[in-house]
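Asks:
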Amino acid sequence: MALTEKQKMIAGEIYNARDEELVQDRRKNTLQLAQFNSSTDDNERLELAHKIFGSFGEGSFVNPTFRCDYGYQIFLGDHVEINYGCCFLDIARITIGNNTFFGPNVHLYTVNHPLDPTERRKGVEFGKEIKIGDDCWIGGCVVICPGVTIGNGVTIGAGSVVTKDIPDYSLAIGSPAKVVKTIVPT
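Reading the sequence shown from the start, the letters are residues 23 to 208 in the numbering used here.
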């Protein structure tokens with residue numbers, strides 16, 4: 023039996039983003055995010071976060087305004103803090119470990135498009151998973167590109183663009199981000 027476009031998306035295969043099921047999923051998420059972002063009630067936002075995200079760890083917190091494509095592809099560990107204005111394009115899985123903090127306006131992009139403009143016009147795209155370990159600090163205005171894995175205990179300096187994997191206990195800065203220091207945990 024052939025895979026649906028949603029199944030292809032989740033599997034990381036090329037899929038058609040204009041598929042009606044995916045369009046409906048994005049619309050539903052847009053409505054939930056509008057309610058989440060406009061609410062001033064922490065309990066209501068927490069309840070909505072459990073509906074929006076694939077998993078939402080204990081003690082985690084997301085400041086409005088937050089944006090994402092689907093939500094159900096984002097998995098937060100415990101005590102994750104996401105600051106104002108973050109945008110996670112989650113056509114592929116995004117996994118975030120425990121005790122990880124995001125500065126304002128951080129963008130995570132799992133989506134990629136064909137280089138051939140003829141293919142792009144067809145509405146096809148594909149995604150690559152992003153994994154971020156435990157105890158990380160992602161500075162403000164950082165961009166993390168498709169397919170990147172960030173190890174445990176990593177700090178990414180503000181304004182960096184992460185295009186390649188970053189090993190455990192590293193400080194990485196720049197565009198593209200480069201490891202400039204190893205962090206020795208105490």
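Glycine included, every Cβ here is placed at the ideal spot set by N, Cα and C.
Under the three-state reduction of DSSP, which class applies to F58: helix, strand or coil?
Replies: The answer is helix: DSSP assigns F58 an H, G or I state.
Asks: Please go through the same chain and pick out, in chain order, the residues whose beta-carbon is closer than 7 angstroms to the beta-carbon of D47, but skip the five residues on each side of it.
Replies: For D47, where only same-chain residues beyond five positions count, the Cβ hits under 7 angstroms are Y92.
Asks: Can you tell me whether K214 is helix, strand or coil according to DSSP?
Replies: The question about residue 214 has no answer here: the residues shown for the chain are numbered 23 through 208.
Asks: Smallest Cα separation from L44: which of D112, N85, D64 and E66?
Replies: When only C-alpha atoms are compared, the closest one is D112.
Asks: Would you check if the region 155–170 and the region 136–143 touch, i.e. whether three or more CB-CB distances between them fall below 8 angstroms?
Replies: The answer is no - the region 155–170 does not touch the region 136–143, with fewer than three Cβ pairs under 8 angstroms.
Asks: Out of V164, T204, P189 and D190, which has the shortest C-alpha to C-alpha gap to P198?
Replies: Of the candidates V164, T204, P189 and D190, the one whose C-alpha sits nearest the C-alpha of P198 is V164.
Asks: Determine the DSSP secondary structure at R115, reduced to helix, strand or coil.
Replies: The answer is coil: DSSP assigns R115 none of H, G, I, E or B.
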